[in-house]
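Below is one structure, written out as structure tokens, with a few remarks after it.
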Amino acid sequence: MTQIELRGIEKFFGAVQVIHNLNLAIADNEFIVLLGQSGCGKTTTLRAIAGLETIDQGDILIDGKAVQHLKAADRDIAMVFQSFSLYPHMTVFENIAFPLRATRMSSGEVDKSVREIARVLWITDLLDKRPSALSGGDMQRVAIGRALVRRPKAMLMDEPIGALDAKLREEMRAEIKRLHVKQGSTTIYVTHDQIEAMSLADRIVIMHEGFIQQVGTPDEVYSHPANLFVAQFVGSPVMNIAEASVTDQAGAATVTVGDAAAGFEFPRALLSKLNGHAANGGLTLGIRPEGVLVRRDAAPGYLPVEAHIIEPLGSFDIVDLQVGSKMLRARTKAGYVSGPGEKVHARIDPEQAHFFDTASGKSLGVRL
Amino acid sequence: MAAVRTSSEIVLNRAAIVAVLIATLIFLAPIYWIASTAFKPKDLAVSVPPTVLFQPEVTPFVRLFTKRVQMQKTVDPQAYEAAPWWEKRIYDGGERVLKVGTDVQLSQYPDRFTNSLIVAIVSTVLAVGMGTFTAYGFSRFKIAGEADLLFFILSTRMLPPVVVAIPMFLMYRAVGLNDSHIGLIILYVAFNLSFSVWLMKGFMDEIPKEYEEAALVDGYTRMQAFFKIVLPEAATGIAATAVFCFITAWNEYAFALIMTNRRAQTAPPFIPSQIGSGLPDWTTIAAGTFLFLLPVAIFTFLLRNHLLRGVTFGAIRK
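Just so you know, the sequences run in chain order A and B.
Under the working numbering, think of the first position of the first sequence as 869, with each following residue one higher.
Under the working numbering, think of the first position of the second sequence as 91, with each following residue one higher.
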């Protein structure tokens, strides 16, 4: 049982404020991912929880107890670093046993614990090797083993698989997930990779410039981004963002993207939900490529558009469609649009459309 | 051979080997000269042209370690017969070994050599130890005026030692540190410390700080992390720094000459003092020099693996 709570955390590096009034409650056994670009404060937050960084304001509570004044060693938290930080002069066994040697555990118990964790991580046959003889993935397994071996209150992971190549990252991602399900411990995981975040997290905390932008399940941040930053940061390919205007035409709402001649049809309910935002401008439409529906032949509600660049991505294509002076990226079946210049028809799926206030970037929370 | 090599590559390779051999011969020539002279009979030491092939003998070493006087008359045949082989060699040279009763009087060389060992080892341990701690501090913590402090430490090396030798001597005499081991050790530590700090800082900077952070999170204090993680990781750097400090302290001549004369005198100023008056005995001096070369050679040889990695380690950025 480990709950972690951050209350009003502020952190300065000199005159620069890197964390602004950060509040976050993490439940027992939860897998939390701090997601953001480099410099957003996610690693600093993690290091503050670990006790490697002091905070200037606020409380860090572990199981209700304030720990911000405790040394790292006294917080009973384990951390996995991006660089793995395996000690080159020790064998894999000694590396994993290292945290246990700080306790008064007998060598027999140490041996048992190390072998137990090695078995879980499938690295039993590596125990006598030195870290330099290991592959990147195995190094990471050892580093995770070292973190897990003393059954800490919480696991902190700072881009643990960021240094691996793409294929191995995918493997390790699955393995970290498997371990979390199996071992179960409160985990805080820092990454800039939104795919890692989506696939691992119970809840994602998206940070930008020291502020939390949104906290939510992967589905929430993907389907209901709180603001333009989250909308564009989460999801690949990136969400289409365009200034739009909404008019009331013949019993339906029409959403016009930028300076396009014609608009996309939306249910009339949009007008009331936008609550006047449509009239005074400053409205931004966000639509993911899969929300842009493409047909070869004309159909009601579909606008004629011209295809520009086509990016084949294997199982699907990303097609740039010219709408007015804007490009709208659509996701189509592979080869559906044969080539640049082809005339096709497109529609925006109202259910997948997001509306933001242009000035503040905040989502207007419109769900159709 | 799996690798395909062109004939020009082979020629270049052979040329490189020859060049290295020639360079090695040039560098080893003085050492051969000293080493061979240490085993030569007296008259061959100064022969022109130099003798290359000769019957080696250890008489110079016997002379090096004993106190002797010129004999006024020829040796008593009975005494000659009773003497051990090494004493006969001395008699052969027209000298006799000084004795108190039956105890052979040793020369000052063993004492001077021991002094050298004491001063060099203690000063190296202190300089490297203090340098390692200091470098760790500079490397890991934000220190106000860090750059200025480091420059200050380096600036102690900017004056040639001889410039400060006289004032140092007067100061040392005033506080009674002249001709003492501790005085010489303090001097050498002060001299080597700047070097040690700078070199070790380079090595410390190369050790990722995540190593200690991992240890800190895993329940260790910073001190424990330093001894369990940083020191083993820095072993290479420590070895390299130790070799350099040891060589500097071992070879130091100017301060040793000025600051010491009897009790704490080290080998470097002692060896040339044996030249004395009259005809210099080069073979005995060469024997002393030859033995003096050995500790550095052994020390460097023992640490050769560390050294090879060590001197390149700090220079290459990953």
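Quick reminder that beta carbons are idealized off the backbone N, C-alpha and C, glycines included.
Judging by CA-CA distance, which residue of the options is the nearest neighbour of residue i?
{"i": "H1060(A)", "options": "G904(A), A883(A) and H1048(A)", "result": "G904(A)"}
{"i": "K299(B)", "options": "Q162(B), L118(B) and F231(B)", "result": "F231(B)"}
{"i": "R247(B)", "options": "S270(B), Y278(B), D269(B) and A225(B)", "result": "Y278(B)"}
{"i": "R202(B)", "options": "F259(B), Q364(B), M258(B) and G184(B)", "result": "Q364(B)"}
{"i": "W288(B)", "options": "P358(B), V194(B) and F223(B)", "result": "F223(B)"}
{"i": "I337(B)", "options": "W372(B), N282(B), A305(B) and V307(B)", "result": "N282(B)"}
{"i": "A1214(A)", "options": "R1163(A), S1183(A), H1176(A) and M973(A)", "result": "R1163(A)"}
{"i": "P1300(A)", "options": "E323(B), P358(B) and A330(B)", "result": "Within the shown structure, residues of chain A are numbered from 869 to 1236, placing residue 1300(A) beyond reach of any answer."}
{"i": "A1175(A)", "options": "M1195(A), V1073(A), A1167(A) and E1027(A)", "result": "M1195(A)"}
{"i": "A280(B)", "options": "G266(B), P251(B) and L306(B)", "result": "P251(B)"}
{"i": "Q1051(A)", "options": "D979(A), E898(A) and V1098(A)", "result": "E898(A)"}
{"i": "H271(B)", "options": "T311(B), P257(B), M220(B) and A354(B)", "result": "A354(B)"}
{"i": "I923(A)", "options": "R969(A), R875(A) and L968(A)", "result": "R875(A)"}
{"i": "E962(A)", "options": "I928(A), G1013(A), S1113(A) and A946(A)", "result": "G1013(A)"}
Name the chain A residues whose beta carbon is nearer than 8 Å to that of residue i?
{"i": "E323(B)", "result": "Y955, P956 and H957"}
{"i": "Y343(B)", "result": "None at all; the shortest Cβ gap to chain A is about 38 Å."}
At a CB-CB cut-off below 8 Å, which residues of chain B make contact with residue i?
{"i": "I945(A)", "result": "V307"}
{"i": "F949(A)", "result": "E300, E303 and A304"}
{"i": "P999(A)", "result": "Within chain B, no residue comes near P999(A); the closest Cβ sits about 11 Å away, beyond 8 Å."}
{"i": "L920(A)", "result": "E303, L306 and V307"}
{"i": "P967(A)", "result": "D308 and G309"}
So, with DSSP's three-state summary, where would you put residue i?
{"i": "M947(A)", "result": "strand"}
{"i": "S156(B)", "result": "The question names Ser, yet the displayed sequence has Thr at residue 156(B). Three-state DSSP puts T156(B) in a strand."}
{"i": "A1120(A)", "result": "strand"}
{"i": "T1085(A)", "result": "coil"}
{"i": "F144(B)", "result": "coil"}
{"i": "Q195(B)", "result": "coil"}
{"i": "M290(B)", "result": "helix"}
{"i": "M161(B)", "result": "coil"}
{"i": "V1049(A)", "result": "helix"}
{"i": "R407(B)", "result": "Here R407(B) scores only 36 on pLDDT, less than 50, and its place in the model should not be relied on; the value that follows carries that caveat. Three-state DSSP puts R407(B) in coil, outside helix and strand."}
{"i": "E302(B)", "result": "helix"}
{"i": "F881(A)", "result": "strand"}
{"i": "I53(B)", "result": "In the structure as shown, chain B starts at 91 and stops at 408, and residue 53(B) therefore has no counterpart that could be examined."}
{"i": "I112(B)", "result": "helix"}
{"i": "T331(B)", "result": "helix"}
{"i": "E921(A)", "result": "coil"}
{"i": "I180(B)", "result": "helix"}
{"i": "G1229(A)", "result": "coil"}
{"i": "A106(B)", "result": "helix"}
{"i": "V886(A)", "result": "strand"}
{"i": "R1014(A)", "result": "helix"}
Opposite residue i in the DSSP bridges: which residues?
{"i": "T1054(A)", "result": "A1022(A)"}
{"i": "T1152(A)", "result": "E1111(A) and F1224(A)"}
{"i": "E873(A)", "result": "A893(A) and L929(A)"}
{"i": "P1172(A)", "result": "H1213(A)"}
{"i": "F49(B)", "result": "Look at the range of chain B in this structure, 91 to 408, and you will see that residue 49(B) is not part of it."}
{"i": "H957(A)", "result": "For H957(A), which the question treats as bridged, DSSP gives no partner whatsoever."}
{"i": "H1076(A)", "result": "F1079(A)"}
{"i": "A934(A)", "result": "L929(A)"}
{"i": "V190(B)", "result": "D193(B)"}
{"i": "T1059(A)", "result": "L903(A)"}
{"i": "I1178(A)", "result": "V1187(A)"}
{"i": "V1125(A)", "result": "A1112(A)"}
Using a C-beta to C-beta distance shorter than 7 Å, which residues of chain A count as neighbours of residue i?
{"i": "T311(B)", "result": "A941"}
{"i": "I319(B)", "result": "Y955"}
Going by DSSP, what residue range makes up the beta strand (DSSP E) through residue i?
{"i": "T96(B)", "result": "Note, T96(B): premise wrong, no beta strand (DSSP E); not H, not E."}
{"i": "K1194(A)", "result": "K1194 to K1201"}
{"i": "V187(B)", "result": "E185 to V187"}
{"i": "V1320(A)", "result": "Chain A is shown only over 869 to 1236; residue 1320(A) falls outside these bounds and no answer can be derived."}
{"i": "R1163(A)", "result": "V1160 to R1163"}
{"i": "Q1190(A)", "result": "F1184 to V1191"}
{"i": "E1133(A)", "result": "F1132 to F1134"}
What residue range does the alpha helix (DSSP H) around residue i cover?
{"i": "L267(B)", "result": "No alpha helix (DSSP H) contains L267(B), which DSSP labels as neither H nor E."}
{"i": "F1101(A)", "result": "L1096 to F1101"}
{"i": "M248(B)", "result": "From DSSP, M248(B) is part of no alpha helix (DSSP H); its letter is neither H nor E."}
{"i": "T912(A)", "result": "K910 to A918"}
{"i": "I985(A)", "result": "S975 to V988"}
{"i": "D133(B)", "result": "K132 to A135"}
{"i": "Q314(B)", "result": "R312 to A315"}
{"i": "Y170(B)", "result": "P167 to A172"}
{"i": "G1030(A)", "result": "No alpha helix (DSSP H) contains G1030(A), which DSSP labels as neither H nor E."}
Whose Cβ in chain B lies nearer than 7 Å to the Cβ of residue i?
{"i": "A970(A)", "result": "D308, G309 and Y310"}
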